[in-house]
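Under this note's numbering, the first residue of the sequence shown is numbered 11, with each subsequent residue one higher. All residues carry an ideal CB built from backbone N, CA and C; glycine is no exception. All remarks here apply to the structure that follows.
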Amino acid sequence: MSLLLAWAWLFTLPGLLLTVLGVGRRPGAASLAGPALIAAVALGWLLGPRTPADVVLANWLPFLPNGAFHLRVDALSALMLAVVGVVSLCVYIYALAYMEEEPPSGQRRFFAFLDIFVASMAILVLAGNLALLLVGWTGVGLASFLLISFWHERPGAIGAGLQALAANAVGDAALLLAIVLLPAGCGDLLTLQTPTCVAVPGGAGLVATLLVIAASAKSAQGPLYFWLPSAMAGPTPVSALIHAATMVAAGVYLLVRTHALLAAAPTVALATAVIGVLTALGGGLASLQQSNFKRGLAYSTVSQLGYMFAGIGLGAPFAAMFHLVTHAAFKALLFLSAGLVIHARHGHEELAALGGLRRALPGAHLAFLIGSLALIGVPGLSGAFSKDAILEAAERANLLLGLALAGAVFLTGLYIGRLFFGVFYGPRPDESRVTSHESRVTSSSSPDPGLATRESRLDEPALILWPLVPLAIGAVLLGYLEWPSGLLSGLLGDTAGHAEPVRFISPLGAAAALLGLAGFALSARQSREPARERPGLPEAVEQVHATAGAASGWVGGVAEAGLGLAGRLAAVHTGQLGRYVLVSVLGIAVILLIGLRP
Numbered sequence: 011m012s013l014l015l016a017w018a019w020l021f022t023l024p025g026l027l028l029t030v031l032g033v034g035r036r037p038g039a040a041s042l043a044g045p046a047l048i049a050a051v052a053l054g055w056l057l058g059p060r061t062p063a064d065v066v067l068a069n070w071l072p073f074l075p076n077g078a079f080h081l082r083v084d085a086l087s088a089l090m091l092a093v094v095g096v097v098s099l100c101v102y103i104y105a106l107a108y109m110e111e112e113p114p115s116g117q118r119r120f121f122a123f124l125d126i127f128v129a130s131m132a133i134l135v136l137a138g139n140l141a142l143l144l145v146g147w148t149g150v151g152l153a154s155f156l157l158i159s160f161w162h163e164r165p166g167a168i169g170a171g172l173q174a175l176a177a178n179a180v181g182d183a184a185l186l187l188a189i190v191l192l193p194a195g196c197g198d199l200l201t202l203q204t205p206t207c208v209a210v211p212g213g214a215g216l217v218a219t220l221l222v223i224a225a226s227a228k229s230a231q232g233p234l235y236f237w238l239p240s241a242m243a244g245p246t247p248v249s250a251l252i253h254a255a256t257m258v259a260a261g262v263y264l265l266v267r268t269h270a271l272l273a274a275a276p277t278v279a280l281a282t283a284v285i286g287v288l289t290a291l292g293g294g295l296a297s298l299q300q301s302n303f304k305r306g307l308a309y310s311t312v313s314q315l316g317y318m319f320a321g322i323g324l325g326a327p328f329a330a331m332f333h334l335v336t337h338a339a340f341k342a343l344l345f346l347s348a349g350l351v352i353h354a355r356h357g358h359e360e361l362a363a364l365g366g367l368r369r370a371l372p373g374a375h376l377a378f379l380i381g382s383l384a385l386i387g388v389p390g391l392s393g394a395f396s397k398d399a400i401l402e403a404a405e406r407a408n409l410l411l412g413l414a415l416a417g418a419v420f421l422t423g424l425y426i427g428r429l430f431f432g433v434f435y436g437p438r439p440d441e442s443r444v445t446s447h448e449s450r451v452t453s454s455s456s457p458d459p460g461l462a463t464r465e466s467r468l469d470e471p472a473l474i475l476w477p478l479v480p481l482a483i484g485a486v487l488l489g490y491l492e493w494p495s496g497l498l499s500g501l502l503g504d505t506a507g508h509a510e511p512v513r514f515i516s517p518l519g520a521a522a523a524l525l526g527l528a529g530f531a532l533s534a535r536q537s538r539e540p541a542r543e544r545p546g547l548p549e550a551v552e553q554v555h556a557t558a559g560a561a562s563g564w565v566g567g568v569a570e571a572g573l574g575l576a577g578r579l580a581a582v583h584t585g586q587l588g589r590y591v592l593v594s595v596l597g598i599a600v601i602l603l604i605g606l607r608p
């Protein structure tokens, strides 16, 4: 079983070939076997004897210090492959119905790109050294460009794909520089922290800094966040896969895999935690200002990845990995539920075009509610256990950062409540303001029959609805893999670092959950107002004064300042690629100069 799992990245290739050749009556159906096999073999390994294995082909890339083709199977790689396989399988089944309006050639191209994406991610996960990791690392970046810009004829699609390439080029360069700097014989992901391997200018701090930069590019952290909201130009199944189990998870996975190196560079670890906390707060604030349904969720992912980076930087890599697993379920659930809404509404994804869909789409309503409560961290749901583990680690290591993360949960409740109540309980939209983004059939100027039949049931195809069921179950139950038995930490052993016992709820976690639910409840009031395009700063301030009422003084001032900051953060995302690249490169140059100091 171990050797079979080591070659799991090959499982998608037969389906890729059959899909490209047009075999089968339904385009893309042949590709389902790949993620299904990956999930089955990974779960089989985890439930079996769990024998680690290494496959090494020496001198595969002889021009690198450690250019061996090195595959590693252990508990961490098997768990990650199980997540990739299960989520990918749900997305593939969902996409069969979601993409059926595409011509057959377009559907085959779409599933071929998905196969390349999943195969690249499997290589990345199974890589035992930096050289092979770079292959998968670059592969997921290229596949993301192909999928984000899939509808390349639409304005902005190519630019969105290029933004992903630009951010990942920065990360790829940092990773390649780390590979080149390491002495001959180094590069194994488990021994990067040894004195022999960090005997370079800058020492362990520089190598760790380069890996953090690489991970930040993949996981959209700090100034390298810019590509992820723009990635919403791709079809919704792509968004779910990128946000839940592949692209953005790669950066977190790398840092968890190399957590011993970060432990040897405490200053870099603290900086990683600070970047994570600031990104969690910034992503939450920016989500509050989004007029697009999917972009609101995209900033949610940016924020949740910040929690994972904070956990890793604060010395709790297991908590970060735990949150990655639970987040994969409820974030895929949220995106696919949003896609169901968009599909039923003929491609409309602006919040101004949505509202009052609770009765029309009961399946999407229930699925999005479950995902929202898990995202907030309501006690008893999966997100509560994993987020609480990060908050407890922060409380032990740095109380100030822990309080900031707890405060970010309030923002989580606000932004996900804004989306949930606005879409499912908000007033019906004004037809004159409706614009279409994701449908080849309905143009922005054509009337939408869904607006006239809002109270009737809209279509929820079985192939779109049923993949939500296992994700909803995971959003509820995955936390119990760790509480109270400690099964997940016992399974991973030392591959994800030492794990503290997970409680049902800690005092800080309880406070954070209450804050999140308070934000969620406050959003219900705002949902009664008609959805509007993204407000400017003056309008946002007016909203604060209108809703605060008697709340004056410092309360009103804090609220006003918060909305003002949210507006400015949202305005930073301009879509101008040149500015992003310039700022990112300059910032990284400063970081490297600091790291190279004696």
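Exposed or buried, residue i, counting other C-beta atoms within 10 Å across all chains shown (16 or more means buried)?
i: residue 202; result: buried
i: residue 58; result: exposed
i: residue 347; result: buried
i: residue 139; result: buried
i: residue 356; result: buried
i: residue 467; result: exposed
i: residue 439; result: buried
i: residue 180; result: buried
i: residue 194; result: exposed
i: residue 73; result: exposed
i: residue 36; result: exposed
i: residue 398; result: buried
i: residue 125; result: buried
i: residue 554; result: Reliability of the predicted coordinates at residue 554 is poor, the pLDDT of 38 falling under 50, and the value obtained from them is presented with this limitation in mind. Buried, because 16 or more other Cβ atoms sit within 10 Å of the Cβ of residue 554.
i: residue 190; result: exposed
i: residue 69; result: exposed
i: residue 535; result: exposed
Would you mind reading off the limits of the alpha helix (DSSP H) that contains residue i?
i: residue 64; result: Careful: residue 64 lies outside any alpha helix (DSSP H), inside the beta strand (DSSP E) at 63-67.
i: residue 492; result: No alpha helix (DSSP H) holds residue 492; DSSP gives it neither H nor E.
i: residue 428; result: 409-434
i: residue 296; result: 276-297
i: residue 353; result: 327-354
i: residue 123; result: 114-136
i: residue 242; result: Where residue 242 is concerned, there is no enclosing alpha helix (DSSP H), given that its DSSP letter is neither H nor E.
i: residue 208; result: Per DSSP, residue 208 belongs to no alpha helix (DSSP H) and is neither H nor E.
i: residue 266; result: 257-267
i: residue 388; result: Premise fails: residue 388 is in no alpha helix (DSSP H) and is neither H nor E.
i: residue 530; result: 517-536
i: residue 55; result: 43-57
i: residue 173; result: 167-191
i: residue 248; result: 246-254
i: residue 12; result: 12-16
i: residue 24; result: 22-30
I need the straight-line Cα distance from residue i to residue j, nearest angstrom please.
i: residue 81; j: residue 198; result: 10 angstroms
i: residue 243; j: residue 422; result: 23 angstroms
i: residue 149; j: residue 130; result: 5 angstroms
i: residue 343; j: residue 475; result: 10 angstroms
i: residue 297; j: residue 308; result: 8 angstroms
i: residue 145; j: residue 186; result: 11 angstroms
i: residue 359; j: residue 378; result: 15 angstroms
i: residue 237; j: residue 174; result: 5 angstroms
i: residue 122; j: residue 213; result: 42 angstroms
i: residue 215; j: residue 188; result: 11 angstroms
i: residue 305; j: residue 426; result: 12 angstroms
i: residue 290; j: residue 430; result: 20 angstroms
i: residue 353; j: residue 192; result: 49 angstroms
i: residue 210; j: residue 251; result: 37 angstroms
i: residue 316; j: residue 411; result: 12 angstroms
i: residue 420; j: residue 350; result: 27 angstroms
i: residue 22; j: residue 274; result: 38 angstroms
i: residue 396; j: residue 489; result: 7 angstroms
i: residue 136; j: residue 16; result: 7 angstroms
i: residue 217; j: residue 208; result: 7 angstroms
What residue range is occupied by the uninterrupted beta strand (DSSP E) comprising residue i?
i: residue 83; result: 79-83
Per DSSP, residue i is paired with what?
i: residue 360; result: 302
i: residue 139; result: 198
| task | Please confirm if the region 497-514 is in contact with the region 315-328, defined as three or more CB-CB distances below 8 angstroms between the two stretches. | result | yes
| message | Counting beta carbon pairs with one atom in the region 381-397 and one in the region 257-269, are three or more of them shorter than 8 angstroms? | response | no
| message | Quick test of the definition: if touching needs 3 or more C-beta pairs under 8 angstroms, does the region 510-530 touch the region 98-112? | response | no
| Quick check: the region 78-98 against the region 42-55, are there 3 or more CB pairs under 8 angstroms? | yes
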